[in-house]
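Engineer:
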Amino acid sequence: MSMDRRKFLKIAGLSALVGLGGSEAFELLQPGALEASEGHEVEGGAKKAHEEGPYAGDKIRWGIAIDIIKLGENPAMAKKIITTCHYEHNVPNWGNPKDEVKWIWEDDYEHSFPDSYNDLMAEKVEGMPFLLLCNHCDRPPCVRVCPTKATFRRPDGVVAMDYHRCIGCRFCMAACPYGSRSFNWLDPRIALKREGRKLNPRFPTRMRGVVEKCNLCVERLDAGKLPACVEVAPDIMIFGNLVDADSPVRKVLRERVSMRRKIQLGSKPSVFYLV
Amino acid sequence: MYDAGKVIIGLVIFFCFFTFAFWYNMGKAAPAPKPKLDTPVIKKMVKKQCIEGTHFMRTTHMQLLNHLRDQALRQGNRWYTNKRGEKVWISLQNTCLKCHSNKKEFCDKCHNYVGVDPYCWDCHFDPNRSKL
Ligand code: SF4
Ligand code: SF4
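Listed in order, the protein sequences are those of chains L and B.
Numbered per the numbering used here, the first sequence spans residues 257 to 531.
Numbered per the numbering used here, the second sequence spans residues 899 to 1030.
1. With distance defined between alpha-carbon atoms, name the residue in Tyr-978/B, Arg-982/B and Glu-984/B nearest to Leu-990/B.
2. Within 7 Å of any Cβ in chain B, is that where the Cβ of Arg-410/L sits?
3. Arg-462/L CB to nearest chain B CB: under 7 Å?
4. Do we get a CB-CB distance below 7 Å when we pair Arg-458/L with the residues of chain B?
5. Kindly indicate which three-state DSSP category Asn-1000/B falls into: helix, strand or coil?
6. What runs of the alpha helix (DSSP H), each 4 residues or longer, lie entirely inside the region 411-478 of chain L?
7. Under a Cβ-count criterion, where at least 16 other Cβ atoms within 10 Å of its own Cβ denotes burial, should Lys-481/L be classed as buried or exposed?
8. Could you tell me which chain L residues have their CB closer than 7 Å to the CB of Leu-1022/B, listed as they occur along the chain?
9. Kindly give me the distance between the Cβ atoms of Cys-428/L and Thr-407/L, rounded to whole angstroms, as I take these residues to be in contact under 8 Å.
10. Let me make sure I understand the geometry here. Which of Lys-524/L, Val-474/L and Pro-483/L has the alpha-carbon closest to that of Gly-974/B?
11. How big is the Cα-Cα spacing for Leu-966/B and Met-377/L?
12. Should Pro-396/L be counted as a contact of ligand 1 given a C-beta to heavy atom distance under 6 Å?
13. For Met-417/L, collect the residues of the same chain with a Cβ closer than 7 Å to its Cβ; drop the 5 residues on either side in sequence, then sort them by chain order.
14. Can you list, in chain order, the stretches of the beta strand (DSSP E) that have 3 or more residues and sit fully within the region 941-993 of chain B?
15. For the region 346-414 of chain L, list the alpha helix (DSSP H) runs that are entirely contained and at least 4 residues long, ordered along the chain.
16. So for Ala-927/B, helix, strand or coil by DSSP?
17. State the CB to CB distance for the pair Gly-413/L and Trp-350/L, rounded to an integer number of angstroms; the pair is presumed to be in contact (CB under 8 Å).
18. Roughly how many angstroms separate the alpha carbons of Asn-914/B and Ile-907/B, rounded to a whole number?
19. Quick check: is the beta carbon of Pro-938/B nearer than 7 Å to any beta carbon in chain L?
20. Our contact map puts Asp-371/L next to Lys-524/L with C-beta atoms below 8 Å; I'd like the distance itself, whole angstroms only.
21. Per the contact definition of three or more C-beta pairs closer than 8 Å, is the region 384-404 of chain L in contact with the region 359-369 of chain L?
22. Could you tell me whether any Cβ in chain L is nearer than 7 Å to the Cβ of Ser-1028/B?
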């Protein structure tokens, strides 16, 4: 782009005059550049917000449907799923909410769906256990704000973490509307050691000062395996390709009523709750 | 020059003091490290070879590891085709450390010798969990 100083000053002055914010002024100076810089890491992963239909242009878009009715019938499974995931990824248990690190956890309806909570709810719904995890949003706000691209969206829709790059600024934690991310305030190995727990030798731990979250078992997906939570509870966690109309997850979504968390925010979660 | 004698003596003392570490350690060079290759998995191998040649691995493993890390994690392509045309699953803990399960006698030997402390081990750990 070539622009002499005079033109730059004119536009800058004009922007200031009409009170344009940073991004609008940027658009004026270099149309399209901002949009481009928010594209995704991998070639082919880039997706325009305006494309028609859900997942248009994608071949694979992993998603999970969680059967809340089945989970309610067998509430002990929630614990089992959490333990399996946290073993698989060496997620420490600090035993206090201040230092807590979690990839998948349990909460009630009120806290899972605060926007659709009624004052006078059916008791059955109110007491139901909900399993919460990173939604691997189709338009992930956490990815938009990460200054180092430590968190990024893969072409298959997994919102992945590159801990080698994370500088621990926690912008992503502020951006995520679902509380899916945890910060390692302390060296996670202290807690793992204190617990005296068996570690999964196939997966690393994290270090102090990085943010972590569910990675949709990307290391297992790449090896052609199912996510650990799906493997341990295949009738509660239904996994599949949201683009493929014949995938198990699409089948069950066709047949059952489902909800997603805070869809009005536009982040497009890929985790569905079957009710 | 005033007090030339004192100044020169001072300089000599300073010089000796400054280069003390060199005098003291003269002729006592630390022996080159000998990383051990006698892990059970390596012992069982018919042809004892790493994913690339020994010389290449010795000089370039850091760049290769960085490159493979980005390929696996950021591009989601977890297979590395080496110069012999073989496909290798990219994973520090599941591939490299499967053979080199003796981090203390292998990785640490040279790293300590040259005084580097790579941050790999802040998160990754060997089967013997020497750091946990
Ligand atoms: S749930 Fe939160 S962390 Fe996960 S992709 Fe969405 S915004 Fe990011
Ligand atoms: S804490 Fe890490 S992942 Fe989150 S925004 Fe900062 S650098 Fe990115």
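Glycine is no exception: its CB is placed at the ideal position from the N, C-alpha and C atoms.
Fair warning: this is a prediction, and the values are worked out from it, not measured in the lab.
Structural biologist: From the atom records:
1. Tyr-978/B
2. Cβ-Cβ to chain B under 7 Å: yes for Arg-410/L.
3. yes
4. yes
5. For Asn-1000/B, the three-state secondary structure derived from DSSP is coil.
6. 427-431, 444-451 and 474-477
7. Counting Cβ neighbours within 10 Å, Lys-481/L comes out exposed, since fewer than 16 surround it.
8. A small correction: the amino acid at residue 1022/B is His; Leu does not occupy that position in the sequence shown. Neighbours of His-1022/B on chain L, chain order: Pro-460.
9. Contact holds; Cβ gap of about 6 Å.
10. Checked all of Lys-524/L, Val-474/L and Pro-483/L; the closest Cα to Gly-974/B is Val-474/L.
11. 52 Å
12. yes
13. For Met-417/L, where only same-chain residues beyond five positions count, the Cβ hits under 7 Å are Ala-406, Thr-407, Glu-468, Lys-469 and Asn-471.
14. Listed in chain order, the complete beta strand (DSSP E) runs (minimum 3 residues) inside the region 941-993 of chain B are 977-979 and 985-987.
15. 365-368, 379-382 and 397-401
16. Here DSSP, grouped into helix, strand and coil, assigns Ala-927/B to coil.
17. That pair is no contact at about 30 Å.
18. Note that residue 914/B is Cys in the sequence shown, not Asn. Distance between the alpha carbons of Cys-914/B and Ile-907/B is about 11 Å.
19. It does not; no Cβ of chain L falls within 7 Å.
20. Contact flag wrong, Cβ pair sits at about 16 Å.
21. yes
22. The predicted model places Ser-1028/B with a pLDDT of 49, which falls under 50 and marks its position as unreliable, so this point remains unresolved.
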